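Protein chains in written order, with our numbering: chain P, 7 to 330; chain W, 2 to 632. From the three backbone atoms N, C-alpha and C, an ideal C-beta is built for every residue, glycine too. These numbers were taken from a predicted model, which means no experiment stands behind them.
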Amino acid sequence: MTGQIELVMEASPARSAPDEAPAHHRTTSHLQRLEAESIHILRETAAEFRKPVMLYSIGKDSSVLLHLAMKAFHPGKPPFPLLHIDTTWKFREMIAFRDQRARELGLDLLVHTNQDGLSQGIDPFTHGSARYTDVMKTQALRQALDHHGFDAAIGGARRDEEKSRAKERIFSHRSTAHRWDPKNQRPELWSLYNTLLAPGESMRVFPLSNWTELDIWDYILAENIPIVPLYLAAKRPVVERDGALIMVDDGRIPLNPGEQPRWRSVRFRTLGCYPLTGATSSTAATLPEIVSEMVASRTSERQGRMIDRDSPASMERKKAEGYF
Amino acid sequence: MSYHEAPTIAPVDAPRLDQDDRPTLRFVTCGSVDDGKSTLVGRLLYDSKTLLDDQLDTLASESKTAGTTGGDLDFALLVDGLQAEREQGITIDVAYRFFATKLRRFIVADTPGHAQYTRNMATGASNADLAVVLVDARKGIITQTRRHSHILSLLGIRHVVLAVNKMDLIEFDGDRFASITAEYLTLAGQLGISQVQCIPVVAPDGDNIVAASTRMPWYTGPTVTAYLESVDVAGDVSQRPFRLPVQWVNRPHADFRGFCGRIASGTIATGDAIRVQPSGHHAHVARILTPAGECDRAAAGESITLTLTDEIDVSRGDVLTAGPAPLVSDQLAAHLVWFDDEAMVVGRRYVLKCGTASTGAMITTLKHRIAIDTMAQESAITLDVNQIGYVHLKLERALVFEAYRDDRDMGSFILVDPISHRTAAAGMIDLSLRGAANIHWQRLAVDKSVRARLKQQRPCVLWFTGLSGAGKSTIADLVDRRLAELGRHAALLDGDNLRHGINRDLGFSSVERMENVRRVAEIAALFVDAGMIALVALISPFRSERETARHRVEAGEFIEIHVATPLAECERRDPKGLYRKARAGELPVFTGIDHPYEAPQTPEITIDTSELSSEAACERIIRYLREHHYL
Numbered sequence: 007m008t009g010q011i012e013l014v015m016e017a018s019p020a021r022s023a024p025d026e027a028p029a030h031h032r033t034t035s036h037l038q039r040l041e042a043e044s045i046h047i048l049r050e051t052a053a054e055f056r057k058p059v060m061l062y063s064i065g066k067d068s069s070v071l072l073h074l075a076m077k078a079f080h081p082g083k084p085p086f087p088l089l090h091i092d093t094t095w096k097f098r099e100m101i102a103f104r105d106q107r108a109r110e111l112g113l114d115l116l117v118h119t120n121q122d123g124l125s126q127g128i129d130p131f132t133h134g135s136a137r138y139t140d141v142m143k144t145q146a147l148r149q150a151l152d153h154h155g156f157d158a159a160i161g162g163a164r165r166d167e168e169k170s171r172a173k174e175r176i177f178s179h180r181s182t183a184h185r186w187d188p189k190n191q192r193p194e195l196w197s198l199y200n201t202l203l204a205p206g207e208s209m210r211v212f213p214l215s216n217w218t219e220l221d222i223w224d225y226i227l228a229e230n231i232p233i234v235p236l237y238l239a240a241k242r243p244v245v246e247r248d249g250a251l252i253m254v255d256d257g258r259i260p261l262n263p264g265e266q267p268r269w270r271s272v273r274f275r276t277l278g279c280y281p282l283t284g285a286t287s288s289t290a291a292t293l294p295e296i297v298s299e300m301v302a303s304r305t306s307e308r309q310g311r312m313i314d315r316d317s318p319a320s321m322e323r324k325k326a327e328g329y330f
Numbered sequence: 002m003s004y005h006e007a008p009t010i011a012p013v014d015a016p017r018l019d020q021d022d023r024p025t026l027r028f029v030t031c032g033s034v035d036d037g038k039s040t041l042v043g044r045l046l047y048d049s050k051t052l053l054d055d056q057l058d059t060l061a062s063e064s065k066t067a068g069t070t071g072g073d074l075d076f077a078l079l080v081d082g083l084q085a086e087r088e089q090g091i092t093i094d095v096a097y098r099f100f101a102t103k104l105r106r107f108i109v110a111d112t113p114g115h116a117q118y119t120r121n122m123a124t125g126a127s128n129a130d131l132a133v134v135l136v137d138a139r140k141g142i143i144t145q146t147r148r149h150s151h152i153l154s155l156l157g158i159r160h161v162v163l164a165v166n167k168m169d170l171i172e173f174d175g176d177r178f179a180s181i182t183a184e185y186l187t188l189a190g191q192l193g194i195s196q197v198q199c200i201p202v203v204a205p206d207g208d209n210i211v212a213a214s215t216r217m218p219w220y221t222g223p224t225v226t227a228y229l230e231s232v233d234v235a236g237d238v239s240q241r242p243f244r245l246p247v248q249w250v251n252r253p254h255a256d257f258r259g260f261c262g263r264i265a266s267g268t269i270a271t272g273d274a275i276r277v278q279p280s281g282h283h284a285h286v287a288r289i290l291t292p293a294g295e296c297d298r299a300a301a302g303e304s305i306t307l308t309l310t311d312e313i314d315v316s317r318g319d320v321l322t323a324g325p326a327p328l329v330s331d332q333l334a335a336h337l338v339w340f341d342d343e344a345m346v347v348g349r350r351y352v353l354k355c356g357t358a359s360t361g362a363m364i365t366t367l368k369h370r371i372a373i374d375t376m377a378q379e380s381a382i383t384l385d386v387n388q389i390g391y392v393h394l395k396l397e398r399a400l401v402f403e404a405y406r407d408d409r410d411m412g413s414f415i416l417v418d419p420i421s422h423r424t425a426a427a428g429m430i431d432l433s434l435r436g437a438a439n440i441h442w443q444r445l446a447v448d449k450s451v452r453a454r455l456k457q458q459r460p461c462v463l464w465f466t467g468l469s470g471a472g473k474s475t476i477a478d479l480v481d482r483r484l485a486e487l488g489r490h491a492a493l494l495d496g497d498n499l500r501h502g503i504n505r506d507l508g509f510s511s512v513e514r515m516e517n518v519r520r521v522a523e524i525a526a527l528f529v530d531a532g533m534i535a536l537v538a539l540i541s542p543f544r545s546e547r548e549t550a551r552h553r554v555e556a557g558e559f560i561e562i563h564v565a566t567p568l569a570e571c572e573r574r575d576p577k578g579l580y581r582k583a584r585a586g587e588l589p590v591f592t593g594i595d596h597p598y599e600a601p602q603t604p605e606i607t608i609d610t611s612e613l614s615s616e617a618a619c620e621r622i623i624r625y626l627r628e629h630h631y632l
């Protein structure tokens, strides 16, 4: 009888040095396998679609995705532009980082904002996160994809993020109205992707499907990938709302009576629109410290995202409507 | 800190990518509805401490509102992520979940049990090293267990854990467990599943999942987790000959031409001789670019870019090979698992994707269908959704492949319906049919282009499709006469007339209509080969058959003319009195009345005779032929 097996949370490779050397010439590690699979998917997308685009959200997953795209087409450049859906409510540091990365890498960066939403003054405070997300993110994304006629949009979503994402294909079909039909997904076997589309239909492609949050951090650490400094702990002005720490990134956030921003050491596990993104108290100011904190963490990254809380199936519904 | 510099990293702490860590085991769970697959996976996630506090809080509250366990933690809710799944308490689609123990990482594909979702189960199994098959201890081995085990064996899975669940509901009866085990081992033996471990479990309570059950002391084997951590599933494809399906040709500038792809099998080093298939060109490897930079060698599984010493023609779909030659043929035999709700049709054109290659393909013969219950080979004319068969395929061009049993990447394919774009089937190649090598095309000295020049025309097919009474034959006849006046050579193939001769053995069922169209397409193609313009007037109600006919000739040689007269107008005219008979119930299958007509989506020419006279329609077609240089 086998004795009790002790189960542990995934330890970071930084802490678990292998105690025996591999016998053969070179082994393929976990991260190398993930990397090889993602590069395969990126190349399939470039080869099979007329006009692909990479959705660039500036977050850590996007940073990894961009890094992989640079590798996949090296010594050339990725044969597709980057597209950022700018809600106008992103952290200022994100926008600065975005422009700098695109410039350094010499990539085409397209930025789209839903001008209708902007002129209607849609904001996350008065219209609620559901309406705001629909207009400024989902509708904006659909506008941009239609305007440019992209037939494939590459995104950094991972299956471990959320339950409906765990169900999604790597090559995920969208109707002419950008809708996802979760009950009628194309079977996806081996590494064979059915990329055929009728006019007006499109594909969402998720090269990071099989990565976990910890894989992302391990890879950023191993490959020295630039990330927005908001992921690292620093003193930042925050207010506490509904149990979440919201950073006061500019003067547009209406303060409640008596509410006073306080400077606290915080960092972000996930980045989005600043009024909808909760910070966590942390002193992890370096990547190895983040990874250690991750391993010890007892909450998931999406806890910091207000928009997933609207209803139990809110992600699935948003995705069906065309959200990423 | 500047934006473009990564934050401070202590170099000693940074893990290197090639530091091997725990290996990953990919497994799939399958079994019938309510056998507890999702509960088992949820339990594995729970016991491996993969679940975080906020996820546990959500689980606890959802178990109360949506759970099926009377308020106890309902582990199935962890994996049944779709609204419809939670509402119905069933699994519809594959969920991929990740967890790890001290010894291994796991990717688990939790798949549906309902027979109608068998294709999703196959999807989950296609990338798995091992399968956990669940059975309900009260029911034992049932049809769905056989079906799933059969698919597992076809997909090349050799390792199975048989988890006999709900042992608490049979009072932990060891004898019952032993008899289920014996029955399954017999089945596995027939299917060639070599490694089976049977484990009695109670998934919701965790008995023998991670911790050994105290309620079944008679069981002395490993727990599910212990077995998954220790089983050796290694099948080392790096020992096989080198195969690199070319995905992408990287040409950033004139001095660099790299061939990108993921190595399917074998290893490669700089200086190695390679051969491009199917062209057969030779070259040597100049440089190997890997994600980690330039290297001397690379092995199976790596995504690399190769440059060659010689300028030779290589494009996507080609395979770079070394060592023994792979199979190259345009005919092959394979097992198919049919996925599409629309049944398989022998002779219809599908798109086949294998590795990075894509080609038109036709199923020439369904050798047999496999009866899931008995494993017997039975004769059949079609495969319906979720059925398994053995077929012969004829491809539009030669494919480079291996038998599936030798190489999963090089031996697997999917068939896609070219009209609906649905994934119609998954295929596992058994062998190459060398027929192509034996039956050589007779190379003819006088070919199509010679004949076409003689006749001063570009041969083509004018395919008139539309409802009965739409005016197809009338217009085709006018075009035929007009071409004769112009001194051109045409032949008119009229559907009704052909049914008196070559097609007189055919009736009007869907299958017979398809065969009717197939024969006419073949005859039209022969006329095109003879340098002639073939006019076909045929209802040809199905898009797929017209697509097949289009692909029977070369690109640009097929002109689809939709005679789009509205049904009401056709019925008003009723030149042969057929609509009247159909309405009276005297004609059981009549297109437009009780049999579908699939209108062309992008015909070359559309004509509505309620708006355009037959003569004007004829002139429009002649003008089209002139403008496109057929005349």
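Between the segment 210-219 of chain P and the segment 46-58 of chain P there are three or more inter-stretch CB-CB distances shorter than 8 Å, so the stretches are counted as touching.
Note that the segment 145-158 of chain W touches the segment 23-35 of chain W; at least 3 beta-carbon pairs, one per stretch, sit closer than 8 Å.
For residue 170 of chain W, the closest of W/136, W/608, W/145, W/194 by C-alpha to C-alpha distance is W/136. By the rule that beta-carbons nearer than 8 Å mark a contact, residue 352 of chain W touches chain P. In the structure shown, residue 253 of chain P adopts extended strand secondary structure according to DSSP, grouped into three states.
In this structure, the straight-line span from the alpha carbon of residue 293 of chain W to that of residue 603 of chain W is close to 47 Å. Apart from sequence neighbours up to five positions away, the residues of its chain that approach residue 146 of chain W with a beta-carbon distance below 6 Å are 136, ordered along the chain. For a Cβ distance threshold of 7 Å, residue set 200, 202 of chain P lies close to residue 417 of chain W, ordered along the chain. When CB distances to chain P are screened at a threshold of 8 Å, the residues of the segment 124-137 of chain W falling below it are 124, 127, 128, in chain order. In the same chain as residue 185 of chain P, and ignoring 5 residues on each side of it, the C-beta atoms closer than 8 Å to its own belong to 326, 327, 328, in chain order.
Taking the Cα positions, residue 310 of chain W is about 32 Å away from residue 433 of chain W. In terms of CA proximity to residue 503 of chain W, W/523 leads the group W/523, W/592, W/510. Here residue 223 of chain P really is in contact with residue 297 of chain P; their C-beta atoms are around 5 Å apart, less than 8 Å. Listed in chain order, the alpha helix (DSSP H) runs fully inside the segment 38-113 of chain P are 66-78, 98-111, counting runs of at least 4 residues. The beta carbon of residue 133 of chain P does not come within 8 Å of any beta carbon belonging to chain W, so the residue lies off that interface.
About 7 Å separates the Cβ atoms of residue 413 of chain W and residue 195 of chain P, confirming a contact at the 8 Å cut-off. Residue pairing for residue 391 of chain W: DSSP places it in a beta bridge opposite W/336, W/369. Under DSSP, residue 555 of chain W forms no beta bridge with any residue. In chain order, 335, 337, 414 place their CB closer than 6 Å to the CB of residue 428 of chain W, counting only its own chain and leaving out the 5 sequence neighbours on each side. Counting only residues of its own chain and dropping the five nearest sequence neighbours on each side, residue 115 of chain W has a CB closer than 6 Å to the CB of 34. Counting only Cβ-Cβ distances below 8 Å, residue 112 of chain W has no contacts in chain P at all, with the closest Cβ about 11 Å away. In chain order, 503, 504 place their CB closer than 7 Å to the CB of residue 520 of chain W, counting only its own chain and leaving out the 5 sequence neighbours on each side. Distance from the CA of residue 167 of chain W to the CA of residue 65 of chain W, rounded to the nearest whole angstrom, comes to 22 Å. Excluding sequence positions up to five before and after residue 269 of chain P, its CB lies within less than 6 Å of the CB of 241, 243, all in the same chain and listed in chain order. For residue 464 of chain W, no Cβ of chain P is located within less than 8 Å of the residue's own Cβ.
It is roughly 17 Å from the alpha-carbon of residue 159 of chain W to the alpha-carbon of residue 110 of chain W.
Taking all protein chains shown into account, residue 240 of chain W has fewer than 16 neighbouring C-beta atoms within 10 Å of its C-beta and is therefore exposed. Secondary structure note for residue 253 of chain W: its beta strand (DSSP E) is the uninterrupted segment 249-254. Residue 30 of chain W has W/111, W/133 as its beta-bridge partners, per DSSP.
For the segment 279-305 of chain P, residues whose beta-carbon sits nearer than 8 Å to a beta-carbon of chain W comprise 291, 292, 293, 294, 303, 304, 305.
Comparing C-alpha distances from residue 251 of chain P to each of P/258, P/274, P/133, P/156 shows the shortest one belongs to P/274. Distances from the alpha-carbon of residue 195 of chain W to those of W/408, W/201, W/187 put W/187 closest. Looking at the DSSP output, residue 269 of chain P sits in a beta bridge with P/243.
At a beta-carbon threshold of 7 Å, the residues of chain W lying near residue 79 of chain P are 251, ordered along the chain. In terms of beta-carbon proximity, residue 223 of chain P stays away from the interface with chain W, with every pair separated by 8 Å or more.
Distance between residue 53 of chain P and residue 228 of chain W, taken at the CA atoms: about 41 Å.
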